[in-house]
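Undergrad:
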Amino acid sequence: MASDAARDALRLPREEAVINQGLEELSLTPNSGSPPRSPPPPASLSTRITSNGVVSIDITSRFTAAASTLEPGDIVKDGYFTLFESVGALEIMNPKMDSGCVSAEELVDNDHQQLMRSLLPAEVIGIIDQLLSHAVLRAYCIAVIKTVGDIITSFKSEVYYEEEDIATNTYHLSLLEDVGRDEIRQVLQEARAAIVEVGDAWADTVSLALEARLDFRETFLTAIELAELRIRPDALKVPWTQMTDAVKNIKESHDLGIAVPAAFNTKMQGLLASTMPPRPIVQPSFEDAVEQWSRFSTDGAEAVGILAYEDPQSLLNFVLTFQAKKPQPLAYIRVLMQSFIFAENIMLGEHSIRQIMDDDLSIVVLPANILLDPINDEIEVARDPRFALAKHMEEFRIRSFPAYLEIFRTLCQNRSRARRMMCHILHEWERVQMDVEEIDNLVESTLNEIPENSLLAGTGPGDKPLPLSSWAFLYKIRLMEWVVQLGFELEIYQADELAGMYWYLSYLAKRRVMHCERIRGFTLRSHGEMRQRGGGRALPGDQEAVMTKSLTFLRTMMLDASVTWELADALSCLYAALHRTGLLKTPVRPYSTDELRYELRMRPFAAIGLPALPSFETFQKEAQQSTSSIKAILDYAEKALGGAKKGCEALTRFTEAEAFSAHHHERWLSGTKGMHKSAIFAGLAVASLKREVVRVEMDARNSVGNGAESDVGAAALKLTAQVPKPDKCYHEWWIVPKVASATSS
1 MASDAARDAL RLPREEAVIN QGLEELSLTP NSGSPPRSPP PPASLSTRIT
51 SNGVVSIDIT SRFTAAASTL EPGDIVKDGY FTLFESVGAL EIMNPKMDSG
101 CVSAEELVDN DHQQLMRSLL PAEVIGIIDQ LLSHAVLRAY CIAVIKTVGD
151 IITSFKSEVY YEEEDIATNT YHLSLLEDVG RDEIRQVLQE ARAAIVEVGD
201 AWADTVSLAL EARLDFRETF LTAIELAELR IRPDALKVPW TQMTDAVKNI
251 KESHDLGIAV PAAFNTKMQG LLASTMPPRP IVQPSFEDAV EQWSRFSTDG
301 AEAVGILAYE DPQSLLNFVL TFQAKKPQPL AYIRVLMQSF IFAENIMLGE
351 HSIRQIMDDD LSIVVLPANI LLDPINDEIE VARDPRFALA KHMEEFRIRS
401 FPAYLEIFRT LCQNRSRARR MMCHILHEWE RVQMDVEEID NLVESTLNEI
451 PENSLLAGTG PGDKPLPLSS WAFLYKIRLM EWVVQLGFEL EIYQADELAG
501 MYWYLSYLAK RRVMHCERIR GFTLRSHGEM RQRGGGRALP GDQEAVMTKS
551 LTFLRTMMLD ASVTWELADA LSCLYAALHR TGLLKTPVRP YSTDELRYEL
601 RMRPFAAIGL PALPSFETFQ KEAQQSTSSI KAILDYAEKA LGGAKKGCEA
651 LTRFTEAEAF SAHHHERWLS GTKGMHKSAI FAGLAVASLK REVVRVEMDA
701 RNSVGNGAES DVGAAALKLT AQVPKPDKCY HEWWIVPKVA SATSS
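The following block contains the structure:
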């Protein structure tokens, strides 16, 4: 605060400080209706400002005296000088906070003086030649602005999170929204013509380098324009591949350029917005920029492949594997994929939401079923059971399609946001399942009125297929598994929590196996009933193909769930054994307990009815396995890993159709092989630990002589254990500890 001496020095005499209110409101303009005059030229410092309506007082000496009483850093604040203004005054001439800050060197280099000075003839020639170069630069910059504007428009039309994915700080400027893309192309063509007109004045390498940069901008603009059509993926992929070639040409000709640092500075931000701190310019290295652009164009070409629709499960696996790429595709590519899937409520450019959902139901729970027969919608007789079936199915679609589409939208987010959103939509799927169970009962009672078409009617009170709620439960349990698996990828769980979380993952995967077996049983029974009604003959070709596709999906799903179950179970045992032996230490946490951490980790699943959340006592018992010997735990882990490796080997032999990996089989196969390598590496770790445990136990028995099993500690084991980072593993979801000999490490 200012001292009292400073306030006294600034205090003016009463008769000089008081200005009559009427004088303040007095207009000095003789004719208020006349237009305002242009401002007079500035007066010299020696000229005293005079006015008939203003009493001016020279306070220079008093202000100097007041300022001399302040210590450096003191803040002056009173009723007319607020705290906001005081703090703002402290940031004056701070380059990080003051957008109008100008250094001494910039003051000396006055742009206006440079414009007014005389020029030499050689300088005139240089400026004219530079203007020719500016024609190319101007075209490039215009294309950049238009592209940025189109990308920001794409972001605004889809779901993304500000500052997480992108910061659109445009200062409310119009980024050529009203300019057509054809006009931008015309400017680029004129720039190419200017390069040709130069002829031999420029080296051929320079001309080719400039043309490569113009080609890059034009192909990017074309890629954005064609992406809006969402048809003919082969044609949409062409500009993305051309972008990749253009980036290579830019990289090869980079050495021809000369850096001009003065062309990029933050002074323009001060002209656009003077009330906010200037944002620093992010300047990655050229190598990093080229790598990102190459990956950007490659990912864009891959993303277009999603438009080649085969079936909903292939679509889901496409999004899963694409978003799991490391590094993850950039924000615009993820927004582009959202646009391909959802834009204008037309999925993949030409399919209705109902068609996608009905195809999914046909694959998972209702192959060749009357519930999906489009003829039901044409029935207008209210007494006809098919009229009621159409009504029930429409109610089901209305209730479930928002949650169904939200899965795809969630997977298109960054990995942290995707996991967070999954935790929320889990509760929505829980409500969907409960609501759909009522629709299932209504559907079953309606089907009983059509004996010849009663494909799903149970034979007993406890034998109800409930296909719609079974479909919802399968997606719900898959979401629960993804939440846990993303927790491993994002390093949410600590090393001493991995045993428990891998056990919980195996618990969920086991329920998925059991649920798929139940669905498969009803599908086989439905298939048998259909053949029986046909006199034992084979089904028509289209119905047989749909039934075969459904059984193939269930087999693939069961095998995937079995591998997840066994591999997660084995890793849980391995981590439990490492903690039992002391090779992995539990950190001291004075401000938390195991039960509180359990509640925190299980919070996303606490409101889920089925599968029921295990109690803390059960969770702790299964994670620690204190009632079993270390050797027994490792024996069980070896057995589980054997099954996991066989399952992975079977999965890697699946074709594109069997794996439901249309147009992304290589990515799917890479992930499956990564899981297989994780199982192999886990087997080596289990074998090393088991061999050392057996040696220590044998030494202990020989020394004691009574044959009793002794406790195995870290001091006796000649091993070290380390938990690697997810990006250092064969698969980010399978964190296999590194167990090595203490002497070799």
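Residue numbering for the sequence shown follows the UniProt record's numbering, beginning at 1 and increasing consecutively.
Think of the CB as a built atom: it goes at the ideal place given N, C-alpha and C, for glycine as much as any other residue.
This one's a predicted model, so the numbers in the text were calculated from it and none came from an experiment.
Where does residue 166 sit, in a helix, a strand or coil, going by DSSP?
TA: Strand.
Undergrad: Mapping DSSP to helix, strand and coil, what is residue 264?
TA: It is coil, neither helix nor strand.
Undergrad: Return the bridge partner residues of residue 81 from the DSSP annotation.
TA: In the DSSP output, where bridge partners are listed per residue, residue 81 has 78.
Undergrad: Name the two residues that bound the continuous alpha helix (DSSP H) containing residue 725.
TA: Counting along the chain, residue 725 falls outside any alpha helix (DSSP H), and DSSP gives it neither H nor E.
Undergrad: In angstroms with no decimal places, state the Cα-to-Cα distance between residue 138 and residue 736.
TA: So the two alpha carbons sit approximately 54 Å from each other.
Undergrad: Run through DSSP, which three-state label would residue 739 get?
TA: Strand, per DSSP.
Undergrad: Out of 590, 262, 574, 387, point me to the one whose CA is closest to residue 628's CA.
TA: Ranking 590, 262, 574, 387 by Cα distance to residue 628 puts 574 first.
Undergrad: According to DSSP, is residue 293 part of a helix, a strand, or is it coil?
TA: Residue 293: helix per DSSP, three-state reduction.
Undergrad: Spatial neighbours of residue 380 within its chain, please: CB distance less than 8 Å, with the 5 preceding and 5 following residues excluded, ordered by chain position.
TA: Closer than 8 Å at the Cβ level, and outside the excluded window around residue 380, lie 387.
Undergrad: Considering residue 598, what are the terminal residues of the alpha helix (DSSP H) in which it resides?
TA: Here the alpha helix (DSSP H) through residue 598 covers 594-601.
Undergrad: Check for me: the alpha helix (DSSP H) holding residue 432 runs from which residue to which?
TA: Residues 415-447.
Undergrad: Considering just the uninterrupted stretch of the alpha helix (DSSP H) at residue 187, what are its terminal residues?
TA: Element bounds for residue 187: 181-198.
Undergrad: Are the beta-carbon atoms of residue 233 and residue 307 separated by less than 9 Å?
TA: Yes, the pair counts as a contact, with Cβ atoms nearer than the cut-off.
Undergrad: Count the other CB atoms, across all protein chains shown, that sit within 10 Å of the CB of residue 300; report buried if there are 16 or more and exposed otherwise.
TA: Buried, because 16 or more other Cβ atoms sit within 10 Å of the Cβ of residue 300.
Undergrad: My understanding is that residue 198 touches residue 247, with C-beta atoms under 8 Å, so please give their C-beta distance in whole angstroms.
TA: With a Cβ gap of about 25 Å, residue 198 and residue 247 do not count as contacting.
Undergrad: Of all the alpha helix (DSSP H) runs that stay within the bounds of the region 536-619, which reach a length of 4 or more residues?
TA: Segments of the alpha helix (DSSP H) lying fully in the region 536-619: 541-581, 594-601.
Undergrad: Measuring alpha carbon to alpha carbon, tell me which of 209, 147, 552 ends up nearest residue 252.
TA: If we check each option's Cα against that of residue 252, 209 comes out closest.
Undergrad: On a Cα-Cα basis, can you pick out the residue from 133, 697, 680 that is closest to residue 644?
TA: Cα-wise, what sits closest to residue 644 is 680.
Undergrad: Using 8 Å as the threshold, is the region 717-729 in touch with the region 305-325, meaning 3 or more CB pairs across them?
TA: These segments do not touch.
Undergrad: On the three-pair Cβ rule with 8 Å, is the region 396-405 touching the region 425-439?
TA: The region 396-405 is in contact with the region 425-439.
Undergrad: Using 8 Å as the threshold, is the region 670-679 in touch with the region 330-349, meaning 3 or more CB pairs across them?
TA: Counting Cβ pairs under 8 Å, fewer than three are found: no touch.
Undergrad: Consult DSSP for residue 734 and reduce its assignment to one of helix, strand or coil.
TA: Strand at residue 734.
Undergrad: Measure the beta-carbon distance from residue 216 to residue 166 and round it to whole angstroms, keeping in mind my assumption that it falls under 8 Å.
TA: Their Cβ separation, rounded to whole angstroms, is 21 Å, which puts residue 216 and residue 166 out of contact at 8 Å.
Undergrad: Among the residues of its own chain, which have a CB less than 6 Å from the CB of residue 136, if the five just before and after it don't count?
TA: Excluding sequence neighbours, residue 136 sits near 191, 210.
Undergrad: For residue 241, which of helix, strand or coil comes out of DSSP?
TA: The answer is helix: DSSP assigns residue 241 an H, G or I state.
Undergrad: Could you tell me the alpha carbon to alpha carbon distance between residue 716 and residue 696, rounded to whole angstroms?
TA: Spanning the two alpha carbons is a distance of roughly 7 Å.
Undergrad: Per DSSP, which residues does residue 720 bridge with? Please list them.
TA: Residue 720 pairs with 740.
Undergrad: Contact criterion: CB-CB distance below 9 Å. Does residue 252 meet it with respect to chain C?
TA: The chain inventory of the structure shown lacks chain C, comprising one protein chain alone.
Undergrad: For residue 667, collect the residues of the same chain with a Cβ closer than 6 Å to its Cβ; drop the 5 residues on either side in sequence, then sort them by chain order.
TA: Hits under 6 Å: 321.
Undergrad: Looking at residue 466: is its Cβ nearer than 9 Å to the Cβ of residue 444?
TA: Yes; because the gap between Cβ atoms is below 9 Å, this pair is in contact.
Undergrad: Looking at C-alpha atoms only, which residue of 550, 405, 732, 420 is the closest neighbour of residue 353?
TA: The candidate whose alpha carbon is nearest that of residue 353 is 405.
Undergrad: Tell me whether residue 469 is buried or exposed, calling it buried when 16 or more other Cβ atoms sit within 10 Å of its Cβ.
TA: Looking at its Cβ environment, which holds 16 or more other Cβ atoms inside 10 Å, residue 469 is buried.
Undergrad: Rounded to whole angstroms, what's the CA-CA distance from residue 731 to residue 671? Just pull it up for me.
TA: Rounded to whole angstroms, residue 731 to residue 671 spans 7 Å at the Cα level.
Undergrad: Which stretch, first to last residue, makes up the alpha helix (DSSP H) that contains residue 386?
TA: 385-411 is the span of the alpha helix (DSSP H), which, as asked, contains residue 386.
Undergrad: Residue 305: which of 292, 330, 238, 266 sits nearest, CA to CA?
TA: Checked all of 292, 330, 238, 266; the closest Cα to residue 305 is 238.
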